[in-house]
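When we follow this note's numbering, the leftmost residue of the sequence shown carries the number 141, and every step to the right adds one. This report concerns only the one structure given below.
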Amino acid sequence: MNFKAIVFSCVALWGATAAVAQTPVYLDDSKPIDQRVEDALSRMSLKEKIAILHAQSKFSAPGVPSLGIPDLWTDDGPMGVRPEVLWDEWDQAGWTNDSCTAFPSLTCLAATWNPEMATLYGKSIGEEARYRNKSVLLGPGVNIYRTPLNGRNFEYMGEDPYLAAQMAADYVRGVQSNGVAVCVKHFALNNHESNRYTTNSIAGDRALYEIYLPAFKAACVDAGAWSLMGGYNLVNGQHATYNQRLVNEILKGEWNWDGAVISDWGAVHDTKQAVEGGLDMEFGTGTDGLTGSGNSYDKYWLANKYYDGVRDGIYSEEQLNDKVRRVLRLNMRTAMNRNRPWGSINSPEHHQACRTIGEEGVVLLKNTDKILPIATDKVKRIAVIGENGIKRMTVGGGSSSLKAQYEIHPLEGLQNRFGNDVEIVYERGYVGDTVTYYNNVWTKQDLRDPRSAEQLVADAVNAAKDADLVLFFGGLNKAYHQDSEGTDRESMDLPYGQNELIEALVAVNPNIVVVNISGTGVAMPWLDKVKAVIQGWYLGNETGNTLAAILAGDVNPSGKLPYTYYASLDQCGAHKLGEYPGTPRHDPIEGDIIDMHYNDDIFVGYRFTEKNKIKPTFPFGHGLSYTTFEYGKATIDRKKGTADDVFTVTIPVTNTGDREGSEIVQLYVSDLKSSLPRPVKELKGFSKVRLAPGQTENVSFEISRDALSYFDDKAHDWVVEPGKFEALVGASAGDIRSKVSFEVQ
Ligand code: GLC
Numbered sequence: 141m142n143f144k145a146i147v148f149s150c151v152a153l154w155g156a157t158a159a160v161a162q163t164p165v166y167l168d169d170s171k172p173i174d175q176r177v178e179d180a181l182s183r184m185s186l187k188e189k190i191a192i193l194h195a196q197s198k199f200s201a202p203g204v205p206s207l208g209i210p211d212l213w214t215d216d217g218p219m220g221v222r223p224e225v226l227w228d229e230w231d232q233a234g235w236t237n238d239s240c241t242a243f244p245s246l247t248c249l250a251a252t253w254n255p256e257m258a259t260l261y262g263k264s265i266g267e268e269a270r271y272r273n274k275s276v277l278l279g280p281g282v283n284i285y286r287t288p289l290n291g292r293n294f295e296y297m298g299e300d301p302y303l304a305a306q307m308a309a310d311y312v313r314g315v316q317s318n319g320v321a322v323c324v325k326h327f328a329l330n331n332h333e334s335n336r337y338t339t340n341s342i343a344g345d346r347a348l349y350e351i352y353l354p355a356f357k358a359a360c361v362d363a364g365a366w367s368l369m370g371g372y373n374l375v376n377g378q379h380a381t382y383n384q385r386l387v388n389e390i391l392k393g394e395w396n397w398d399g400a401v402i403s404d405w406g407a408v409h410d411t412k413q414a415v416e417g418g419l420d421m422e423f424g425t426g427t428d429g430l431t432g433s434g435n436s437y438d439k440y441w442l443a444n445k446y447y448d449g450v451r452d453g454i455y456s457e458e459q460l461n462d463k464v465r466r467v468l469r470l471n472m473r474t475a476m477n478r479n480r481p482w483g484s485i486n487s488p489e490h491h492q493a494c495r496t497i498g499e500e501g502v503v504l505l506k507n508t509d510k511i512l513p514i515a516t517d518k519v520k521r522i523a524v525i526g527e528n529g530i531k532r533m534t535v536g537g538g539s540s541s542l543k544a545q546y547e548i549h550p551l552e553g554l555q556n557r558f559g560n561d562v563e564i565v566y567e568r569g570y571v572g573d574t575v576t577y578y579n580n581v582w583t584k585q586d587l588r589d590p591r592s593a594e595q596l597v598a599d600a601v602n603a604a605k606d607a608d609l610v611l612f613f614g615g616l617n618k619a620y621h622q623d624s625e626g627t628d629r630e631s632m633d634l635p636y637g638q639n640e641l642i643e644a645l646v647a648v649n650p651n652i653v654v655v656n657i658s659g660t661g662v663a664m665p666w667l668d669k670v671k672a673v674i675q676g677w678y679l680g681n682e683t684g685n686t687l688a689a690i691l692a693g694d695v696n697p698s699g700k701l702p703y704t705y706y707a708s709l710d711q712c713g714a715h716k717l718g719e720y721p722g723t724p725r726h727d728p729i730e731g732d733i734i735d736m737h738y739n740d741d742i743f744v745g746y747r748f749t750e751k752n753k754i755k756p757t758f759p760f761g762h763g764l765s766y767t768t769f770e771y772g773k774a775t776i777d778r779k780k781g782t783a784d785d786v787f788t789v790t791i792p793v794t795n796t797g798d799r800e801g802s803e804i805v806q807l808y809v810s811d812l813k814s815s816l817p818r819p820v821k822e823l824k825g826f827s828k829v830r831l832a833p834g835q836t837e838n839v840s841f842e843i844s845r846d847a848l849s850y851f852d853d854k855a856h857d858w859v860v861e862p863g864k865f866e867a868l869v870g871a872s873a874g875d876i877r878s879k880v881s882f883e884v885q
């Protein structure tokens, strides 16, 4: 090789080496993420910056092709990964490899009162989202259960901010351990579905900080959620998804949160407000990308309009760069993170997780004459009655509807469990919902039935009268107005004539167990006439096996209610004090809206019933077991060596029954004298302990200043007032077993 060739090849080699050595910072995993963000930002044109702030399809936003930054894919939902839809439409894409595990509803997760279940849940659903290559999972839903009518209560974690906060945080950690972002939703005060696009939730700072924000704060600040979804509604006059107060002052200001705010689908209505109100990504505006001429995604509020505004100096580049940084950070934490695990889907582990969470969340509300667990030495013939015994429930409910790989319904679960030991006869009893497609996911069922309502009842009564035991599977079913997004329930009554049917069954057979499958509280006028009631939740793939295990006693139920079970709406502050569903008003800027004053303020759920000495059907935190637990005397010590007031409360709990069981021990704190009104007591700790028969465990709780403080809206700060407090320990809000006073200096 001649001299020149040698020189040339050396130079080429040097150049290549130099090139390799010069990996751009934004692509260098070893560099701090914010340094990578700045580097990427510096390489982006205005057009590229605007492009990543809004959707390019139903569920995706573009990356930066010129820099090799990948698209950002999102997908629903809180209980399972939604099947693929067409680029521009809600309709199914018809894939054959996007079936998923449908996990139990989030209300069931909350009912486990077990943060380990939240971690298991988040990790498992995150693995499925990762496997489907989704970088943002559009969940969890953490809106407070303010009215039993809310169509989406099943997607949320109950009425208490402390319980919802603890469970949401570990769900978030679990999901994000997969390199998948959560998108905690719907921020905030999105507490019912009627008029969800136009409701203006009006609430003071105490309700905001003490009730409606804690779960979001725990998800964003404690667990570091990487994205958050703004709700459709308005809050105190401005749309939530770009609300100055909620987004700029609290979320990005006081909480100093570094994630990306993503709009709900179609929640954006104005460029200036969205730009200045802290929105970072716009999805779902006019989402059928085919309407009108050209690419309708260019017509998004944060698309061409925003581009022109920045170009013309109406909007600052710095403001734009903050949004771009947040979206780039989201992308680098997920799609660009080369060290993410691979995920998995429909695995035995996920099916087991579905079952374990369900088994820990099912709540035994009533059990007289020890009718449960089923004694197969006596019970030889079971009549299973009710549409929810056979209805597929992993579909329906709106955006959380899923294409589960399989679903074991209750009847099948009972047949699996009891096989030939017991004769099982089934009768429909009523026809509720015969829809066979939800968002174009086929239910694989044809539930039409030619019989009249009277004939259905007669056939059910006929089957019941000769049975040793009647298991009634009823409740709601995620059809419109029956636990579904976009529609609230129209009353607390069970639909489809179920109450009359239950009365007819009781008349011929007193040995009846009602399994209520729903995501929210229902009225139970027949409660005193039935021997047992189970709150069954939507339990996903393993529904039937989960419920059969509980009914058979293979699993000792340990779930407790994450919300107060009202007997009627006038026991609920949102209705008693008005003004559900709200008062129409024309707003000069927002147009026709519906004002909803949160007159119950901080008194939501048991905070309302206890203040007004109302006895609900079942109290918050209620749940029975097949064994019994005895609580000893609570004691309290001031924690040694702590400067400020920190206390430890300890109480012995004993399993006094004949079988192993878990008990959720609850700690409430009462401020006996305060300058501002406070609830009678508030949940400030819980611990789920598993005890063998005869075993005693000393359960301890720490009471920190957080647990003593209330939000003073005048001082705009959390305050602890010196004086007398009480620690109350119990099995539910309505079943306090021991209390102890203490003084705060
Ligand atoms: C829906 C829901 C939201 C969901 C989104 C995408 O309208 O409000 O929870 O994630 O749109 O389907």
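We treat Cβ as the ideally placed atom computed from N, Cα and C, and that holds for glycine.
I'd like to confirm the pairing. Which residues does DSSP put opposite residue i in its beta bridges?
i    : result
Y771 : V793
K828 : I804
H379 : L374
F143 : Beta-bridge pairing links F143 to no other residue.
G870 : Q806, I876
W858 : F851
T474 : DSSP, once it has assigned bridges, lists no residue as partnering T474.
M369 : I402
A672 : N507, V653
Within 7 Å: the Cβ of residue i and any heavy atom of the ligand GLC?
i    : result
G291 : no
H409 : no
H379 : no
D216 : yes
G220 : no
K325 : yes
L419 : no
S539 : yes
W405 : yes
L278 : yes
E770 : no
G424 : yes
E625 : yes
Buried or exposed: which applies to residue i, given that a residue is buried once 16 or more other Cβ atoms fall within 10 Å of its Cβ?
i    : result
Y166 : buried
H549 : buried
W405 : buried
T236 : exposed
D857 : exposed
A855 : exposed
H726 : exposed
Y546 : exposed
A515 : exposed
R573 : Here the sequence assigns Asp to residue 573, which means Arg is not the residue at that position. It is buried - the Cβ of D573 has at least 16 other Cβ atoms within 10 Å.
W227 : exposed
A600 : buried
N528 : buried
T757 : buried
Over the uninterrupted beta strand (DSSP E) stretch that includes residue i, give me the two end residues.
i    : result
I657 : 652-657
C323 : 321-327
S264 : Careful: S264 lies outside any beta strand (DSSP E), inside the alpha helix (DSSP H) at 255-271.
To the nearest whole angstrom, what separates the beta carbons of residue i and residue j, a pair I think is in contact under 8 Å?
i    : j    : result
F841 : V789 : 5 Å
L110 : Y261 : Within the shown structure, residues of the chain are numbered from 141 to 885, placing residue 110 beyond reach of any answer.
Y566 : G536 : The Cβ separation is near 21 Å, so there is no contact.
G676 : Y706 : Rounded, the Cβ-Cβ distance is 19 Å, inconsistent with contact.
In the DSSP assignment, the alpha helix (DSSP H) including residue i goes from what residue to what residue?
i    : result
N602 : 593-605
H726 : Unbroken run through H726 is the beta strand (DSSP E), 723-727; no alpha helix (DSSP H).
R313 : 301-316
M219 : No alpha helix (DSSP H) holds M219; DSSP gives it neither H nor E.
S341 : Counting along the chain, S341 falls outside any alpha helix (DSSP H), though it belongs to the beta strand (DSSP E) covering 339-342.
I209 : Careful: I209 lies outside any alpha helix (DSSP H) and carries neither H nor E.
A251 : 246-252
G684 : 683-692
Taking only beta-carbon positions, decide if residue i is within less than 8 Å of chain C.
i    : result
F851 : Chain labels in this structure do not include chain C; a single protein chain is all it has.
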